[in-house]
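Student: Next up is a structure, given as structure tokens.
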Amino acid sequence: MKQAVLQSGKGIETLEIREVAMPQPGPGEALVRLQAATLNFRDLIMAKGLIPGIAKEPELVPLSCAAGMVEAVGDGVTRVKAGDRVTPQFTIGWITGAQPTPTMLGGSIDGVAQQYAIYPAESLVLNPDELGDLEAATLACAALTSWSALTGFRPTGPGDWILAHGTGGVSIAALQFAKAMGAQVIVTSSSDAKLSRARSLGADVTVNYRTTPNWAAAIRDAIGGAKITNVIDTVGATQFADNASLLVEGGQLSAIGMLGSEFSWTRQDPRVDLKPIGVGNRDQHEAMLAFIVAHRIKPVVDVVYDLDRIRDAFQMLESGQFFGKVGVNLL
């Protein structure tokens with residue numbers, strides 16, 4: 001089988017494709033034929049060493065989000081069977097409640113940029129027929145992070161204002177989920193073309209932060225004050241003060257990303273309910289899937305590369321010239 005490998009922290013130019021033996025499942029495990037994967041910004045973090053010490057050393061099979069089909073199961077497996085369409089959890093073993101382990105695909109353990117892999121059967125989520133493999137492959141990290149931000153602490157509902165920064169996988173999933181929940185959504189981007197696409201998905205207010213440097217004031221004028229109940233913060237601490245100024249008293253700042261600076265996790269403001277978001281567990285993933293099916297949500301994948309061109313996929317991710325998700329065909 002084919003498998004992508006990189007040298008952890010040494011750059012995307014170290015990516016290579018290898019031929020390796022197909023693994024076999026042991027007790028409690030399932031062999032999955034992975035068919036599609038998608039990239040997240042964290043994949044650049046692992047490849048480039050942006051947060052030292054969190055990637056498996058010295059080599060790593062990258063990527064954390066995939067979908068495929070169960071090929072075979074080991075002894076004692078009842079959760080899945082051969083032929084089931086599945087997605088491996090982002091955090092292996094996180095079934096319910098608080099996170100018990102930092103065992104994350106494409107980070108502390110090998111990821112999904114390979115054609116076959118072994119997983120604990122209990123860490124597999126069954127995919128609905130309504131979603132294709134590529135669509136299902138968008139969900140384990142980015143979409144589940146958005147789902148957790150919108151439902152895990154302060155449930156989103158009709159009339160709420162949600163601010164989502166950027167048009168990558170987390171923010172576009174947040175836009176789709178929040179609109180289905182009845183909320184009003186603001187999206188920021190440096191691209192008018194991307195903002196147009198966001199409006200086609202239901203964005204109520206869009207602001208180009210490049211042509212409108214005082215984007216916070218523009219948002220406040222557009223919505224009539226500080227009315228935002230939840231900020232999907234993919235950028236980080238550099239925008240903390242502006243985000244805080246837009247929130248209602250006690251509004252939630254969902255600290256998710258570091259696209260522009262360090263995370264916002266340690267910042268404090270008495271007006272802000274800051275919530276670090278750590279993706280989610282299997283129960284939350286299944287609840288998200290049910291919501292997606294009920295509301296007929298279609299995840300957005302902008303461009304897809306074959307596994308042999310995974311370096312090109314990383315370069316597209318790094319460029320930021322995409323909308324939603326960058327995909328990889330593993331077939």
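Numbering-wise, the sequence shown is residues 1 to 331 according to full-length UniProt numbering. Using N, Cα and C, we set each Cβ at its ideal position, and we do this for glycine too.
In the structure shown, what three-state DSSP assignment does D129 receive?
Tutor: Residue mapping note: residue 129 aligns to position 129 of the sequence shown, counting from 1. Coil.
Student: Curious, which full-length beta strand (DSSP E) runs of at least 3 residues does the region 122-188 contain?
Tutor: The qualifying runs are 124-126 and 161-165.
Student: Flag this pair as yes or no: are the beta carbons of L331 and I17 separated by less than 8 Å?
Tutor: Sequence index remark: in the sequence shown, residue 331 carries index 331 (1-based). Sequence index remark: in the sequence shown, residue 17 carries index 17 (1-based). No, the Cβ-Cβ distance between L331 and I17 is not below 8 Å.
Student: With distances taken from CA atoms, which of H165, I277, V61 and L39 is nearest G154?
Tutor: By one-based count along the sequence shown, residue 154 stands at place 154. The identity of residue 154 in the sequence shown is Arg, whereas the question assumes Gly. Among H165, I277, V61 and L39, the Cα nearest to that of R154 belongs to I277.
Student: I need the straight-line Cα distance from P213 to N230, nearest angstrom please.
Tutor: By one-based count along the sequence shown, residue 213 stands at place 213. By one-based count along the sequence shown, residue 230 stands at place 230. Answer to the nearest angstrom: the Cα atoms are 21 Å apart.
Student: Is the number of C-beta pairs between the region 281-298 and the region 138-157 that are closer than 8 Å three or more?
Tutor: The region 281-298 vs the region 138-157: in contact.
Student: At which residue ranges does the region 26-96 contain complete beta strand (DSSP E) runs of 3 or more residues, listed in the order of the chain?
Tutor: Here the runs fully enclosed are 29-38, 65-73 and 85-88.
Student: Do you know whose CA, among G250, E71, L44 and V77, lies nearest S64's CA?
Tutor: Along the sequence shown, one-based indexing puts residue 64 at 64. Per the Cα distances, L44.
Student: Closest to G224 by CA distance: which of M104, W161 and K325 is it?
Tutor: Here residue 224 corresponds to residue number 224 of the sequence shown, with the count starting at 1. Minimum Cα distance to G224 is reached at W161.
Student: Hey, out of Q89, A72, E19 and L31, whose CA is closest to I286's CA?
Tutor: Taking the sequence shown and counting its residues from 1, one reaches residue 286 at position 286. Rather than Ile, the amino acid found at residue 286 in this sequence is Glu. It is Q89 whose Cα lies nearest to the Cα of E286.
Student: According to DSSP, is K10 helix, strand or coil?
Tutor: Against the sequence shown, residue 10 aligns to sequence position 10. In the structure shown, K10 sits in coil (DSSP, three-state: anything other than H, G, I, E or B).
Student: Please state the DSSP three-state secondary structure of residue 332.
Tutor: One cannot answer for residue 332 here, as it falls past the ends of the chain, which runs 1 to 331.
Student: Please report the straight-line C-alpha distance between N281 and V20, rounded to a whole angstrom.
Tutor: To locate residue 281, count along the sequence shown from 1; it is residue 281. To locate residue 20, count along the sequence shown from 1; it is residue 20. Rounded to whole angstroms, N281 to V20 spans 31 Å at the Cα level.
Student: For A4, which of G327, A255 and R309 has the nearest alpha-carbon?
Tutor: By one-based count along the sequence shown, residue 4 stands at place 4. Nearest of G327, A255 and R309 to A4, Cα basis: R309.
Student: Can you give me the C-alpha to C-alpha distance between I228 and R271, rounded to a whole angstrom?
Tutor: As a first step, residue 228 is located in the sequence shown; it is residue number 228 there, counting from the start. As a first step, residue 271 is located in the sequence shown; it is residue number 271 there, counting from the start. For I228 and R271, the distance between alpha carbons rounds to 12 Å.
Student: Within a Cβ cutoff of 8 Å, which residues of the same chain sit near R220, ignoring the five residues on either side of it in sequence?
Tutor: Working through the sequence shown from its first residue, we reach residue 220 at position 220. Closer than 8 Å at the Cβ level, and outside the excluded window around R220, lie A226, S245 and L246.
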